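The structure appears right after this line, and notes come after that.
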Amino acid sequence: MLSAPVIAGAISFVVLIFVFALLRIKQGQTRSSEQQRQKTRYLEKELQKANKQLLEVRSVVVGLGQKVSEQQDVIKHLNERITELEQVDSDGRLYSRASKMVQLGADINELIEECELPKAEAELMMSLQKKIAGQEKVPPLESSPDRQKAAARKRTMRR
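Structure (structure tokens):
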């Protein structure tokens, strides 16, 4: 059959092939391990970049949230102001209507009922419209203090 040297050579050859195969597997694992480390480092860097971007986005969102809040406050204030102005305007329309009614000959009771004016305001409105129409005299304005003193003296002398 086969001699001992041939068997020993065959066994040596098989062991040599086995060792060579193990070395190739070890090299493949080493290369694979190095590639995995490189991928891990790359992914860690990308993760750090993503975290930085996330922090930047968060700070921008916080800033925008503050601006939105400020704008909501401004809008709220403007809505309140519009409401005030509408109220003032409706009062103006009320007095315009009362003035028109007086011009058309309404009496004081009609002003009180139709325009919901207090009696004193209705009387004032009637008086102002009569003065504007020239039906009542408008007293002269005395602006200088000397004239005011003289007028006061005349009034006291008449009494």
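full-length UniProt numbering numbers the first residue of the sequence shown as 1 and each following residue consecutively.
Note that the Cβ used here is the ideal one computed from N, Cα and C, for glycine as well.
All figures in this text were calculated on a predicted structure; none of them were measured in a lab.
**Prompt:** Around the C-beta of LEU64, are 16 or more other C-beta atoms found within 10 angstroms, so that it is buried, or is it exposed?
**Reply:** One-based indexing of the sequence shown puts residue 64 at position 64. By the neighbour-count rule (16 or more Cβ atoms within 10 Å), LEU64 is not buried but exposed.
**Request:** Reducing DSSP to helix, strand and coil, say where SER127 ends up.
**Result:** Translated into positions along the sequence shown, residue 127 becomes position 127. Note: SER127 maps to helix in three-state DSSP.
**Message:** Suppose you measure from the CA of VAL60 to the CA of GLN48; what does that come to, to the nearest Å?
**Reply:** For the purposes of this step, residue 60 is taken as the residue at position 60 of the sequence shown. For the purposes of this step, residue 48 is taken as the residue at position 48 of the sequence shown. For VAL60 and GLN48, the distance between alpha carbons rounds to 18 Å.
**Prompt:** If you pair each beta-carbon of the region 94-102 with each one of the region 115-125, do three or more pairs fall below 8 Å?
**Reply:** yes
**Request:** Taking only the alpha-carbon atoms, compute the straight-line gap between GLN36 and VAL14 and give it to the nearest angstrom.
**Result:** Taking the sequence shown and counting its residues from 1, the one referred to as residue 36 is at position 36. Taking the sequence shown and counting its residues from 1, the one referred to as residue 14 is at position 14. Computed Cα separation, rounded: 32 Å.
**Request:** Give the straight-line distance between the Cα atoms of ARG130 and ALA106, rounded to the nearest whole angstrom.
**Result:** Counting from one through the sequence shown, the residue named residue 130 turns up at place 130. Counting from one through the sequence shown, the residue named residue 106 turns up at place 106. Rather than Arg, the amino acid found at residue 130 in this sequence is Lys. When rounded, the distance between both Cα atoms is 12 Å.
**Request:** Compute the beta-carbon to beta-carbon distance between GLU123 and ILE108, rounded to the nearest angstrom, for a pair I have assumed lies under 8 Å.
**Result:** Within the sequence shown, numbered from 1, the residue matching residue 123 stands at position 123. Within the sequence shown, numbered from 1, the residue matching residue 108 stands at position 108. Yes, they are in contact, since the Cβ atoms of GLU123 and ILE108 sit about 6 Å apart, within 8 Å.
**Message:** If you follow the alpha helix (DSSP H) that LEU111 is in, where does it begin and where does it stop?
**Reply:** Here residue 111 corresponds to residue number 111 of the sequence shown, with the count starting at 1. Residues 108-115.
**Prompt:** Secondary structure at GLY134, three-state DSSP: helix, strand or coil?
**Reply:** Taking the first residue of the sequence shown as 1, we reach residue 134 at position 134. Residue state, collapsed to three classes: coil.
**Asked** Which word fits VAL68, buried or exposed, when buried means at least 16 other C-beta atoms lie within 10 angstroms of its C-beta?
**Response** Indexing the sequence shown from 1 puts residue 68 at position 68. The residue in question, VAL68, is exposed, as its Cβ has fewer than 16 Cβ neighbours within 10 Å.
**Asked** Would VAL102 be called buried (16 or more neighbouring beta carbons within 10 Å of its own) or exposed?
**Response** On the sequence shown, residue 102 is found 102 positions in, with the first residue counted as 1. Result: buried.
**Request:** Give me the Cβ distance between SER99 and MET126, rounded to the nearest whole Å; I'm assuming they're in contact under 8 Å.
**Result:** Position 99 of the sequence shown, counted from the start, is the residue given in the question as residue 99. Position 126 of the sequence shown, counted from the start, is the residue given in the question as residue 126. Their Cβ separation, rounded to whole angstroms, is 10 Å, which puts SER99 and MET126 out of contact at 8 Å.
**Prompt:** What separation, rounded to the nearest whole angstrom, lies between the Cα atoms of GLU121 and LEU111?
**Reply:** Here residue 121 corresponds to residue number 121 of the sequence shown, with the count starting at 1. Here residue 111 corresponds to residue number 111 of the sequence shown, with the count starting at 1. Inter-residue distance for GLU121 and LEU111 is about 9 Å (C-alpha atoms, whole angstroms).
**Request:** Return helix, strand or coil for SER3, following the three-state DSSP convention.
**Result:** Here residue 3 corresponds to residue number 3 of the sequence shown, with the count starting at 1. SER3: coil per DSSP, three-state reduction.
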